[in-house]
Amino acid sequence: MKKLKVSLPFMAIVMAIGLSFATVHHTSSAVSGYVNDPILGWTAVDVACNPGSNNCQVQFVDEEGTPQGSPLNVYAEEDEDSTPLPSSSTEPVTIER
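Encoded structure:
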């Protein structure tokens with residue numbers, strides 16, 4: 003029992019140090035938004051758009067990566083009169099359909 007009292011706190015410290023190296027740092031986070039798809043109407047999408055001076059856009063592609071339609075602006079709500087979400091990239095985020 004005495005060995006357990008000594009070794010248990012030691013094992014907890016070793017586990018805490020070991021798990022601190024197992025965390026992942028994300029450089030960009032996914033944002034939920036909406037696009038007004040001409041075929042499907044308003045569709046929810048998750049995109050990683052870093053804040054910037056451009057509009058956040060998505061491009062739907064097929065399995066081969068061929069674009070389907072034109073790039074669509076991503077909005078915070080289902081309203082085209084609102085301002086599109088910002089993005090630092092001029093290229094649209096591709097989403098496979």
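Here our numbering = 1-based position in the sequence shown + 2.
Here a beta-carbon is modelled for each residue, glycine too, at the ideal position from N, C-alpha and C.
| Check | Outcome |
| --- | --- |
| Of the listed residues Thr-68, Gly-54 and Thr-96, nearest to Leu-74 (C-alpha basis) | Thr-96 |
| Pick from Asn-56, Phe-62, Ile-41 and Pro-40 that is closest to Asp-48, judged by C-alpha positions | Phe-62 |
| Element boundaries [alpha helix (DSSP H), containing Ile-19] | 4-22 |
| Status (buried if at least 16 other CB within 10 Å, exposed otherwise) for Asn-52 | exposed |
| Alpha carbon of Asn-56 to alpha carbon of Met-13, nearest angstrom | 50 Å |
| Residue burial classification, Ser-9 (beta-carbon count within 10 angstroms, cutoff 16) | exposed |
| Cutoff 6 Å; reference Pro-69; Cβ partners in own chain excluding five residues on either side | Gln-61 and Val-63 |
| Pro-94, buried or exposed, once every other Cβ within 10 Å from all chains shown has been counted against 16 | buried |
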